[in-house]
Amino acid sequence: MAEQGNLEDLVRKAVQEKRPCKIKVRSNAEAERGRGLVQSFSSPGADYSGIIFEIADIGVDVAASVATDPDLLDGVLEVGGNILEGAAEIGGAMLEWIGDAASS
Numbered sequence: 035m036a037e038q039g040n041l042e043d044l045v046r047k048a049v050q051e052k053r054p055c056k057i058k059v060r061s062n063a064e065a066e067r068g069r070g071l072v073q074s075f076s077s078p079g080a081d082y083s084g085i086i087f088e089i090a091d092i093g094v095d096v097a098a099s100v101a102t103d104p105d106l107l108d109g110v111l112e113v114g115g116n117i118l119e120g121a122a123e124i125g126g127a128m129l130e131w132i133g134d135a136a137s138s
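Just so you know, the sequence shown maps onto residues 35 to 138 in the working numbering.
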């Protein structure tokens, strides 16, 4: 099951779990920031190559979130309808464990 939240919390959780996962972010800059966070949270010599950063299609993610929770639309409209800024208010990043699709 995917989890939404801020990038730092999701990276910290991924490092603690030591399981392959994808963290969807909004930009290359955020992916680089996430990789830096992996390094800062990780143990020396540990292999965290299973943590993959992926640039999300924010328009689709926001539309899906708004469809399931109409109150989230307010967050998008409050920032002038800018989808990227609205996505930041909604959570900004998403964590998906690899291999969990069958169990969810």
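Ideal Cβ positions, reconstructed from N, Cα and C, are used throughout, including at glycine.
{"Check": "For Ala63, three-class secondary structure by DSSP", "Outcome": "helix"}
{"Check": "Cα-Cα separation, Trp131 to Lys47", "Outcome": "11 Å"}
{"Check": "Residue range of the unbroken beta strand (DSSP E) whose run includes Ala36", "Outcome": "That residue, Ala36, is in no beta strand (DSSP E); it is neither H nor E in DSSP."}
{"Check": "Under the three-state DSSP convention, the category Lys52 falls into", "Outcome": "coil"}
{"Check": "Beta-carbon separation (whole angstroms), Cys55 vs Gly84, contact threshold 8 Å", "Outcome": "7 Å"}
{"Check": "Nearest residue (CA-CA) to Ala65, options Gly133, Glu88 and Met128", "Outcome": "Glu88"}
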